[in-house]
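Novice: Handing you this structure, nothing more for now.
There are 2 protein chains.
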Amino acid sequence: MPREITAFSNPLIKWARSLRDKRHRREEGRFLAEGLRILTEAREAGRVPEYLFFADDGHQLTQALIAATETAGGTAIATNADILSKLSGKDNPGAVIGVYREFATPLAALDRAAAPIWLVAERLRDPGNLGTILRTGDAVGAGGLILLDECVDPFSVEAVRASMGALFTVPVARASWEAFRDWLRAGPGQLVGLSLDTDQDYRAARYAAPTFLLTGNEAQGMPDHMAAECDLLVKIQMLGKADSLNAAVATAVMAYEVLGQQG
Amino acid sequence: MPREITAFSNPLIKWARSLRDKRHRREEGRFLAEGLRILTEAREAGRVPEYLFFADDGHQLTQALIAATETAGGTAIATNADILSKLSGKDNPGAVIGVYREFATPLAALDRAAAPIWLVAERLRDPGNLGTILRTGDAVGAGGLILLDECVDPFSVEAVRASMGALFTVPVARASWEAFRDWLRAGPGQLVGLSLDTDQDYRAARYAAPTFLLTGNEAQGMPDHMAAECDLLVKIQMLGKADSLNAAVATAVMAYEVLGQQG
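So, in structure tokens, the structure goes:
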């Protein structure tokens, strides 16, 4: 049976809300996800929350989440829309919010033969971009997303939201550039980097599975030593004044070209 | 000569800050843009601010902006980082913030022969998506972005920021669906909609210039009566669990396919 909590001063509510903060997430090893669609995606991927907050159990998907949470030994908590709103940080929170244990996939556990496309990002700064890249990764059937060096936290509220649940379906590994390079070169794999300093059009290039698409930092692109390590540098044609694309958009345009060629 | 303002209580600072709010923007017909790159993009597109706030005039681009603002009869204002931060809403504000007059392009003023690709969005809700679509529009050389029905405000701080200056280079028109449809059918133009209810792959389809790419609402996609009006419905292949892409990502993948075929 669900517990009931309706006071914002309740310690569990305060604790859950603190997970909006990166430092607390790291200390607790827990993060928040919100919304029926995302939590259902998680459930179908075998991830259930330790704590599930809901204001209304009328929806069939909410009931399924409550049952799954309790079956797995977690706690379902009936609360109200005000508290959901405070946990969510939005005026119109989703119908459910879950507290999940953080998870990570070690680089060594990735099976590069499992997928023809892999996404790699270095020093990604924007959580919305990270989540959007995960969502694209899900759509193109990417084997995983490898985050190099100091990327933004994939468990931030904004990243989880932008991923629309893909955080739970696409493996995420974190590694230093050196560790990634050593792992990559220990097996087959074409490292493809997006660059402004090449004449090779991305549509004219040929991609060999497994293809690892490397996306550089939003403002600076990738550093020279990473570009030098790439097996292939390609550019996306730009006709406008700004000569730039959003990092998540550029990743998706590339990934769909690779998928189109390989599919 | 620049004025100097260092008190947050100054009415001009309060007025400028109020433009972060949609209601005030509408009342005043003014909006904020931030950052050397975006304001320089604007200047090169012939748009200078009525008020230019800066904390440090050491950068050559800042000096060029001050000169352009004053030449055009605007006011350059020397201030400090705290006030820039309050205007910007960010801890690390850009070096400059400008107050601009809102502008709009009437549908009737668009020249469909001017570009092979046009972007159309209906009921777009996320300002980051709107800005990102504008940025993509700049990159693919789109003739403009046409916003149908109740879209989010393209002059919001988030949309301007995500556009990275493309708000100033890509014409934006706003229209009802009916007005757009009448305008579209008064001349040549292929209306292409993204849909989950078709077997037509977007890469196998053929696009005839001018192509109008219609992107539906983030959560619901486009309504049936718009899909029925499309000359072509296409789908983007999705291999994952979620069966969805971010709206700005889907627009970009489509736009680059059209550009690749037409270029």
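Residue numbers (my numbering), protein chains in the order written: chain A, 19 to 281; chain B, 19 to 281.
Using N, Cα and C, we set each Cβ at its ideal position, and we do this for glycine too.
A quick note: this is a predicted structure, and the numbers were derived from the prediction, not measured.
What does residue 156 (chain A) reach in chain B if we use C-beta pairs closer than 7 Å?
Specialist: Correct list: 258, 259 and 260.
Novice: Three Cβ pairs or more, each shorter than 8 Å: is that satisfied between the region 47–58 of chain B and the region 112–127 of chain B?
Specialist: The region 47–58 of chain B is in contact with the region 112–127 of chain B.
Novice: Could you tell me whether any Cβ in chain E is nearer than 8 Å to the Cβ of residue 238 (chain B)?
Specialist: Absence of chain E from the displayed structure is noted, the protein chains being A and B.
Novice: Apart from the five residues just before and just after residue 200 (chain B), which ones in its own chain have a Cβ nearer than 6 Å to its Cβ?
Specialist: Closer than 6 Å at Cβ, skipping near neighbours: no residue.
Novice: Where in the region 54–111 of chain B do unbroken runs of the beta strand (DSSP E), each at least 3 residues long, occur, reported from the N-terminal end onward?
Specialist: Complete beta strand (DSSP E) runs here, min 3: 69–72 and 93–96.
Novice: Give a yes or no on whether the minimum CB-CB distance between residue 19 (chain A) and chain B is below 8 Å.
Specialist: No - not a single Cβ of chain B is within 8 Å of the one on residue 19 (chain A).
Novice: Quick one: which chain B residues come within Cβ less than 7 Å of residue 59 (chain A)?
Specialist: Those are 259 and 260, listed as they occur along chain B.
Novice: Looking at the secondary structure, which residues open and close the alpha helix (DSSP H) in which residue 274 (chain B) lies?
Specialist: Unbroken alpha helix (DSSP H) run through residue 274 (chain B): 265–280.
Novice: Starting from the C-beta of residue 97 (chain B), find all residues in its chain whose C-beta is less than 8 Å away, skip the five residues before and the five after it, and write them out in chain order.
Specialist: For residue 97 (chain B), where only same-chain residues beyond five positions count, the Cβ hits under 8 Å are 22, 23, 24, 31, 71, 72 and 73.
Novice: Shorter than 8 Å from the beta carbon of residue 17 (chain A) to some beta carbon of chain B?
Specialist: Residue 17 (chain A) is absent from the model: chain A starts at 19 and stops at 281.
Novice: Can you give me the C-alpha to C-alpha distance between residue 256 (chain B) and residue 159 (chain A), rounded to a whole angstrom?
Specialist: Going by the C-alpha atoms only, they are around 8 Å apart.
Novice: Where do the ends of the alpha helix (DSSP H) carrying residue 151 (chain B) lie?
Specialist: Residues 145–158.
Novice: Give, in chain order, every residue of the region 213–234 of chain A whose Cβ lies closer than 8 Å to some Cβ of chain B.
Specialist: Going along the region 213–234 of chain A in chain order, one finds 221 with a Cβ nearer than 8 Å to chain B.
Novice: For residue 274 (chain B), which residues from the same chain have a beta carbon less than 7 Å from its beta carbon, with the 5 sequence-adjacent residues on both sides left out?
Specialist: Contacts found: 158.
Novice: Return the bridge partner residues of residue 239 (chain A) from the DSSP annotation.
Specialist: DSSP output for residue 239 (chain A) lists A:235 as bridge partner(s).
Novice: Provide the residue span of the beta strand (DSSP E) that contains residue 164 (chain B), from first to last.
Specialist: It spans 163–166 - the beta strand (DSSP E) in which residue 164 (chain B) sits, taken as one unbroken run.
Novice: Would you call residue 147 (chain A) buried or exposed, if buried means 16 or more other Cβ atoms sit within 10 Å of its Cβ?
Specialist: The residue in question, residue 147 (chain A), is buried, as its Cβ has 16 or more Cβ neighbours within 10 Å.
Novice: Can we say the region 74–92 of chain A touches the region 133–152 of chain A, given the rule of at least three CB pairs closer than 8 Å?
Specialist: Cβ pair count under 8 Å is below three, so no.
Novice: Against residue 118 (chain B), what residues of chain A qualify as contacts under a CB-to-CB distance less than 9 Å, listed in chain order?
Specialist: Residues of chain A passing the Cβ test: none, with the nearest at roughly 17 Å.
Novice: Along the alpha helix (DSSP H) that carries residue 51 (chain A), what are the first and last residues, could you check?
Specialist: Note, residue 51 (chain A): premise wrong, no alpha helix (DSSP H); beta strand (DSSP E) at 48–52.
Novice: Just the C-alpha distance for residue 105 (chain A) and residue 223 (chain A), rounded to the nearest angstrom, thanks.
Specialist: Going by the C-alpha atoms only, they are around 47 Å apart.
Novice: Ends of the beta strand (DSSP E) at residue 191 (chain A)?
Specialist: 190–193 is the extent of the beta strand (DSSP E) around residue 191 (chain A).
Novice: Residues of chain A with CB closer than 7 Å to the CB of residue 182 (chain B), please, in chain order.
Specialist: Neighbours of residue 182 (chain B) on chain A, chain order: 260 and 262.
Novice: Taking residue 79 (chain B) as the query, report the chain A residues whose CB atoms sit under 9 Å from its CB, ordered along the chain.
Specialist: Those within 9 Å of residue 79 (chain B) in chain A number zero; the least Cβ separation is about 15 Å.
Novice: Is it a yes or a no for the region 125–136 of chain A touching the region 246–254 of chain B, going by three-plus beta-carbon pairs under 8 Å?
Specialist: Cβ pair count under 8 Å is below three, so no.
Novice: In terms of residues, what are the limits of the alpha helix (DSSP H) holding residue 178 (chain B)?
Specialist: Residue 178 (chain B) -> alpha helix (DSSP H) spans 175–181.
Novice: List the residues of chain B that residue 150 (chain A) touches, going by C-beta distances under 7 Å, in chain order.
Specialist: Neighbours of residue 150 (chain A) on chain B, chain order: 264 and 267.
Novice: Distance check for residue 153 (chain B) and residue 183 (chain B), CA to CA, integer angstroms please.
Specialist: Distance between the alpha carbons of residue 183 (chain B) and residue 153 (chain B): 8 Å.
Novice: Can you name the residues of chain A whose CB is closer than 9 Å to the CB of residue 153 (chain B)?
Specialist: The contacting residues are 258, 260, 262, 263, 264 and 267.
Novice: Have a look at residue 190 (chain B) and residue 172 (chain B) and give me their C-alpha separation to the nearest angstrom.
Specialist: Computed Cα separation, rounded: 8 Å.
Novice: Do residue 164 (chain A) and residue 198 (chain A) have their C-beta atoms within less than 8 Å of each other?
Specialist: Yes. Within cutoff.
Novice: Looking only at its own chain, which residues have a Cβ that is under 6 Å from the Cβ of residue 149 (chain B), when we skip the five neighbours before and after it?
Specialist: If we look at residue 149 (chain B) and ignore the five residues flanking it on each side, its Cβ neighbours are 177, 180 and 181.
Novice: Taking buried to mean at least 16 other C-beta atoms within 10 Å of its own C-beta, is residue 264 (chain A) buried or exposed?
Specialist: Buried, by the Cβ-count rule.
Novice: So residue 2 (chain B) and residue 188 (chain B) are supposed to be a Cβ contact under 8 Å. How far apart are they, rounded?
Specialist: It is not possible to answer for residue 2 (chain B), since the shown part of chain B is limited to 19 through 281.
Novice: In chain B, which residues lie with their C-beta within 9 Å of the C-beta of residue 187 (chain A)?
Specialist: Neighbours of residue 187 (chain A) on chain B, chain order: 258, 259 and 260.
Novice: Out of A:35, A:62, A:57 and A:129, point me to the one whose CA is closest to residue 107 (chain A)'s CA.
Specialist: The option with the nearest alpha carbon to residue 107 (chain A) is A:35.
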